[in-house]
Amino acid sequence: MNNDELITKLKTIIAPYIQDEEAFKNLSEDTDFVKDLKINSANLVDIILDIEDEFDIRLENDDMEKMLDVKSAMAIVTSKLNK
Amino acid sequence: MSKRVVITGLGVVAPNGVGVSEFTDALKNGTSGISFHQELKDLNFSCQIGGIPKVTDDLKSEYFTDLQLRGFNSSGILYGCIAGVDAWKDAGLQIDSNGDVDYETGLIFGTGTSGVEKFREAIYKLDDGNVRRLGSTVVIQTMASGVSAYLSGMLGLGNQVTTNSSACTTGTESLLMGYDRIKSGKAKRMLVGSCSDHGPYIWGGFDAMRVMTYKHNDSPEEGSRPMSASASGFVPGSGAGALVLESLDSALERGAHIYAEVLGGEVNSGGQRQGGTLTAPNPEAVQRCIKNALKHSGITAKDIDVINGHLTATSKDALEIENWTKALGRQHKDFPYINATKSLIGHCLASAGSIECVASIIQLKEQFVAPNINCEDLHEDIANLIDSSKVPTQIIEHDIDVIAKASFGFGDVNACVLFKRFIA
Chain A
44 MNNDELITKL KTIIAPYIQD EEAFKNLSED TDFVKDLKIN SANLVDIILD
94 IEDEFDIRLE NDDMEKMLDV KSAMAIVTSK LNK
Chain B
460 MSKRVVITGL GVVAPNGVGV SEFTDALKNG TSGISFHQEL KDLNFSCQIG
510 GIPKVTDDLK SEYFTDLQLR GFNSSGILYG CIAGVDAWKD AGLQIDSNGD
560 VDYETGLIFG TGTSGVEKFR EAIYKLDDGN VRRLGSTVVI QTMASGVSAY
610 LSGMLGLGNQ VTTNSSACTT GTESLLMGYD RIKSGKAKRM LVGSCSDHGP
660 YIWGGFDAMR VMTYKHNDSP EEGSRPMSAS ASGFVPGSGA GALVLESLDS
710 ALERGAHIYA EVLGGEVNSG GQRQGGTLTA PNPEAVQRCI KNALKHSGIT
760 AKDIDVINGH LTATSKDALE IENWTKALGR QHKDFPYINA TKSLIGHCLA
810 SAGSIECVAS IIQLKEQFVA PNINCEDLHE DIANLIDSSK VPTQIIEHDI
860 DVIAKASFGF GDVNACVLFK RFIA
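Residue numbers (the numbering used here), protein chains in the order written: chain A, 44 to 126; chain B, 460 to 883.
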């Protein structure tokens, strides 16, 4: 899966939780989930579960702690897929 | 100086009507909200009928965001939020999600238990070793104060926000708690009410106690028979009722429509003594509750025109009537009209008190006594105490000035409130 495909998939997963449409439209690798997309921090766990289901991977607590923006989410998902 | 308290908004989600206008029509027409549920049959329930409000997905979307509805599985919170938001709008109050906090308004919204189906989902995952996959909303949907948390956020309320719980007394108690807070000057407005989940996981324990009827699975609308000789247990219901209480000063100042005045009331407990148990009322305490409610309201027993009873359709109905006759010193033809809303909607448990308070206010406002359905065969013990004309089976247009509402609950707890017609 290339980066564009991965971002597209992540965007679909994140869409229900975002509170800032404008930031979502301009989503890039540098977009921060809480600061930019104004996602309620409680919903980050739901995003983790949705990512697990979509990619059939398992994310551990320390993966979760690191997954604060699009870039880190992409890195973690890619490393799990390559295992 | 203590404040006078009035009702300026109503909201209701009942098995026989969602919204005040639909519910009013159902009350007037004696429309039953009880139906057969295959799910209960499949689970081997003795009682396979119940009252579930009809809430469509479109209606849900008018009150909740798509995000709020993700993984949402708490029917009580659903009903409570619809009734609460409706009552707020009915009172002519605004909802501005970006507006200021309203520190003058609080919320007391009761329930027995919250989100039992969500809890069930969570327990299955948890017992499977999958606690990490519960998601973020198990806590807010299953905590007792979940409904208060959802509602106060929708409305931006900043006074006391809490949840009360006193079994089937819950709804009437929440109203009296809100009343006290306004009366003492601690809040200008209180949104009060209560809600109850529907379905097998909330109703099962009652089925096991054999207190629900098993004789009307083929004739659901005839199942709920308060005060009838052929009553054979209650029919479970669900839903929510909500009322905006407001100081008279505040209501007049903003030119709000006033439904009625809350004169006062009483809550007490029978202490599970003198005949009272976990599940049965101490008659002396019930009578004391009614008498004190009158005293606190500054009226006498003869002022009561209509009673909206607790009356569930169990063997305790006759005892309740006896308690009313003794507390009021009125019987036979001198007894007020009496009204069992449960004949139409079943016993909505924690939400019963609030839905029935709303039913009482509607009857007071529109000056009618709703029919008691399924009571053509008045129980002999009741007929010996009060004249059968006081238990109308057809709607009666009647001059009503004062209506008394009482609720009683497991744990031997009681609540009684008196409402008076408000003429500006």
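Just so it is clear, CB atoms sit at the ideal spot from N, CA and C, and this is done for glycine as well.
For this session: Using a Cβ cut-off of 8 Å (strictly closer), state whether residue 607 of chain B contacts chain A.
Result: The residue you call residue 607 of chain B lines up with position 148 of the second sequence. At least 8 Å separates the CB of residue 607 of chain B from every CB of chain A.
Exercise. On the premise that residue 532 of chain B lies in contact with residue 580 of chain B, defined as a C-beta separation below 8 Å, what is that separation, rounded to the nearest angstrom?
Worked result: Taking the first residue of the second sequence as position 1, residue 580 of chain B is located at position 121. Taking the first residue of the second sequence as position 1, residue 532 of chain B is located at position 73. Their Cβ separation, rounded to whole angstroms, is 6 Å, which keeps residue 580 of chain B and residue 532 of chain B in contact under 8 Å.
Problem set entry | beta strand (DSSP E) segment containing residue 648 of chain B, residue limits | Position 189 of the second sequence holds residue 648 of chain B. From DSSP, the beta strand (DSSP E) with residue 648 of chain B extends over 648-655.
For this session: Run through the segment 694-753 of chain B for me and flag every whole beta strand (DSSP E) of 3 or more residues, listed as ranges in chain order.
Result: For the segment 694-753 of chain B, whole beta strand (DSSP E) runs of length 3 or above, ordered along the chain, are 698-706, 719-728.
Exercise. CA-CA distance, residue 97 of chain A and residue 601 of chain B?
Worked result: For the purposes of this step, residue 97 of chain A is taken as residue 54 along the first sequence, with counting starting at 1. For the purposes of this step, residue 601 of chain B is taken as residue 142 along the second sequence, with counting starting at 1. Distance between residue 97 of chain A and residue 601 of chain B, taken at the CA atoms: about 27 Å.
Problem set entry | Member of B/657, B/873, B/748 whose CA lies at the smallest distance from the CA of residue 536 of chain B | Counting from one through the second sequence, the residue named residue 536 of chain B turns up at place 77. Selected option, being the one with the closest Cα: B/657.
For this session: Tell me whether residue 782 of chain B sits in a helix, a strand or coil according to DSSP, three-state version.
Result: Mapped onto the second sequence, residue 782 of chain B falls at position 323. Residue 782 of chain B falls in the helix class under three-state DSSP.
Problem set entry | Distance between beta carbons of residue 540 of chain B and residue 613 of chain B, contact taken as under 8 Å | Within the second sequence, residue 613 of chain B is the residue found at index 154, counting from 1. Within the second sequence, residue 540 of chain B is the residue found at index 81, counting from 1. At roughly 7 Å, the Cβ-Cβ gap stays under 8 Å, so residue 613 of chain B and residue 540 of chain B are in contact.
Problem set entry | Stretch pair the segment 867-883 of chain B + the segment 630-640 of chain B: three plus CB contacts closer than 8 Å | yes
Exercise. Quick one: is residue 746 of chain B buried, meaning 16 or more other Cβ sit within 10 Å of its Cβ, or exposed?
Worked result: Working through the second sequence from its first residue, we reach residue 746 of chain B at position 287. That one is buried.
Exercise. Any idea which residues DSSP pairs residue 564 of chain B with across the strands?
Worked result: In the second sequence, the residue the question calls residue 564 of chain B occupies position 105. The partner list for residue 564 of chain B (beta bridge, DSSP) reads B/648.
Exercise. Which value, in whole angstroms, describes the spacing of the CA atoms of residue 529 of chain B and residue 57 of chain A?
Worked result: Your numbering for residue 529 of chain B matches position 70 in the second sequence. Your numbering for residue 57 of chain A matches position 14 in the first sequence. Looking at the two C-alpha atoms, the distance is approximately 13 Å.
Exercise. Which residues in the same chain have their Cβ closer than 7 Å to the Cβ of residue 75 of chain A, if we skip the five residues on either side of it in sequence?
Worked result: Here residue 75 of chain A corresponds to residue number 32 of the first sequence, with the count starting at 1. Once the five neighbours on either side are set aside, the close Cβ partners of residue 75 of chain A are 111, 112.
Exercise. Using DSSP with H/G/I as helix, E/B as strand and the rest coil, what is residue 531 of chain B?
Worked result: As a first step, residue 531 of chain B must be located in the second sequence, where it is residue number 72. Coil, per DSSP.
Exercise. Among B/694, B/644, B/647, which one has its Cα closest to the Cα of residue 665 of chain B?
Worked result: Position 206 of the second sequence holds residue 665 of chain B. It is B/694 whose Cα lies nearest to the Cα of residue 665 of chain B.
For this session: Determine the extent of the beta strand (DSSP E) in which residue 877 of chain B is found, giving its start and end residues.
Result: Indexing the second sequence from 1 puts residue 877 of chain B at position 418. Taken as a continuous stretch (DSSP letters only), the beta strand (DSSP E) holding residue 877 of chain B covers 872-880.
Exercise. Where does residue 575 of chain B fall in DSSP's three states?
Worked result: Here the question's residue 575 of chain B lines up with position 116 in the second sequence. Here residue 575 of chain B sits in helix by DSSP.
Problem set entry | Top-ranked residue by Cα proximity to residue 83 of chain A, from A/61, A/123, A/109, A/47 | Your numbering for residue 83 of chain A matches position 40 in the first sequence. Selected option, being the one with the closest Cα: A/61.
Exercise. Name the chain A residues whose beta carbon is nearer than 9 Å to that of residue 836 of chain B?
Worked result: In the second sequence, counting from the first residue as 1, residue 836 of chain B sits at position 377. Neighbours of residue 836 of chain B on chain A: none; closest Cβ ~55 Å, over 9 Å.
Exercise. From residue 109 of chain A to residue 123 of chain A, what does the alpha carbon distance come to, in whole angstroms?
Worked result: Position 66 of the first sequence, counted from the first residue, corresponds to residue 109 of chain A. Position 80 of the first sequence, counted from the first residue, corresponds to residue 123 of chain A. One C-alpha to the other measures close to 14 Å.
Problem set entry | Ordered list of beta strand (DSSP E) runs contained in the segment 503-528 of chain B, each at least 3 residues | 508-510
Problem set entry | Host alpha helix (DSSP H) of residue 121 of chain A (start-end) | Along the first sequence, read from residue 1 onward, the residue named residue 121 of chain A stands at position 78. It spans 113-124 - the alpha helix (DSSP H) in which residue 121 of chain A sits, taken as one unbroken run.
Problem set entry | Which listed residue (B/495, B/654, B/776, B/518) has its alpha carbon closest to that of residue 572 of chain B | Residue 572 of chain B sits at position 113 when you count from the first residue of the second sequence. Minimum Cα distance to residue 572 of chain B is reached at B/654.
For this session: Could you tell me the boundaries of the beta strand (DSSP E) in which residue 796 of chain B lies?
Result: In the second sequence, the residue the question calls residue 796 of chain B occupies position 337. Unbroken beta strand (DSSP E) run through residue 796 of chain B: 796-798.
Problem set entry | Where the alpha helix (DSSP H) containing residue 605 of chain B begins and where it ends | Residue numbering aside, residue 605 of chain B sits at position 146 when the second sequence is read from its first letter. Per DSSP, residue 605 of chain B belongs to the alpha helix (DSSP H) from 605-614.
Exercise. Is the segment 729-737 of chain B close to the segment 478-490 of chain B, with three or more CB pairs under 8 Å?
Worked result: Contact annotation: the segment 729-737 of chain B does not touch the segment 478-490 of chain B, with fewer than three C-beta pairs closer than 8 Å.
Exercise. Can you list, in chain order, the residues of the segment 653-677 of chain B whose Cβ is nearer than 7 Å to any Cβ on chain A?
Worked result: none
Problem set entry | Member of B/847, B/638, B/522 whose CA lies at the smallest distance from the CA of residue 792 of chain B | Counting from one through the second sequence, the residue named residue 792 of chain B turns up at place 333. Looking at the Cα atoms, B/847 is the closest of the given residues.
Exercise. Would a check of beta-carbon distances place residue 526 of chain B closer than 8 Å to chain A?
Worked result: Translated into the one-based positions of the second sequence, residue 526 of chain B becomes position 67. So yes, residue 526 of chain B belongs to the interface.
Exercise. In chain order, what residues of the same chain lie with their CB nearer than 6 Å to the CB of residue 592 of chain B, ignoring the 5 residues before and after it?
Worked result: The residue labelled residue 592 of chain B in the question sits at position 133 within the second sequence. The answer, listed in chain order, is 584.
Exercise. Which residues does DSSP pair with residue 867 of chain B in a beta bridge?
Worked result: Here residue 867 of chain B refers to the residue found at position 408 of the second sequence. Beta-bridge pairing links residue 867 of chain B to B/873.
Exercise. Between the C-alpha atoms of residue 481 of chain B and residue 107 of chain A, what's the straight-line distance to the nearest angstrom?
Worked result: Numbered from its first residue, the second sequence carries residue 481 of chain B at position 22. Numbered from its first residue, the first sequence carries residue 107 of chain A at position 64. The alpha-carbon atoms of residue 481 of chain B and residue 107 of chain A are separated by roughly 48 Å.
Exercise. So, using beta-carbon positions, are residue 514 of chain B and residue 479 of chain B closer together than 8 Å?
Worked result: Locating residue 514 of chain B in the second sequence gives position 55, where the first residue counts as 1. Locating residue 479 of chain B in the second sequence gives position 20, where the first residue counts as 1. Taking C-beta atoms as the reference points, residue 514 of chain B and residue 479 of chain B fail to come closer than 8 Å.
Problem set entry | Counterpart residues of residue 69 of chain A in DSSP-defined beta bridges | Against the first sequence, residue 69 of chain A aligns to sequence position 26. Checking the DSSP bridge columns, you'll see residue 69 of chain A has no partner listed.
Problem set entry | Nearest neighbour of residue 474 of chain B, chosen from B/859, B/788, B/800 [CA to CA] | As a working note, residue 474 of chain B is residue 15 in the second sequence. It is B/800.
For this session: Could you tell me if residue 672 of chain B is buried or exposed, where buried requires 16 or more neighbouring beta carbons within 10 angstroms of its beta carbon?
Result: Position 213 of the second sequence, counted from the start, is the residue given in the question as residue 672 of chain B. Flag for residue 672 of chain B reads buried.
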